[in-house]
Amino acid sequence: MQRERRLRKSSDFAAARRHGRSWADPLLVLIARRNGADASRFGFAVGRRVGNAVVRNQIKRRLRALTRPVDIADGWDLLFIARQGAANSSFSELARAVSRLLKRSRVASL
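Residue numbers for the sequence shown follow this note's numbering, so the first one is 262 and each next one is one higher.
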């Protein structure tokens, strides 16, 4: 994923959490916030409660792969937060969760 399409700073993550709107699923939480920029950015958060480093990195890699082909309107910050159930879920289960959340948020055109 290109650098300008990622949330990198902790202040960006905090702003998304503080000012964004959220939608929840058993596996993931999506927080969306307008950023006023020319590009939309993605962020992925997986806490230590979800699993060890290998599991957390695997979940983040899967989420990056799932959001790469998604067509998002410009000007959004999207933060995906993994819940504990994401550690035991398959790629297709995560794909369904991402799709459901993006449809409910009406941010993406799927």
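Virtual Cβ for every residue (Gly too), placed ideally from N, Cα, C.
With a cut-off of 8 Å, do at least 3 Cβ pairs link the stretch 278-294 to the stretch 332-348?
Contact holds: three or more Cβ-Cβ distances are below 8 Å.
With DSSP collapsed to three states, give me the class of Gly304.
It is a strand residue.
Determine whether the beta carbon atoms of Asp338 and Asp273 lie at a separation below 8 Å.
yes
Any idea what DSSP makes of Leu339, helix, strand or coil?
Strand, per DSSP.
Using only CA atoms, which one of Asn313, Val307, Gln263 and Val311 lies nearest to Lys321?
Val307
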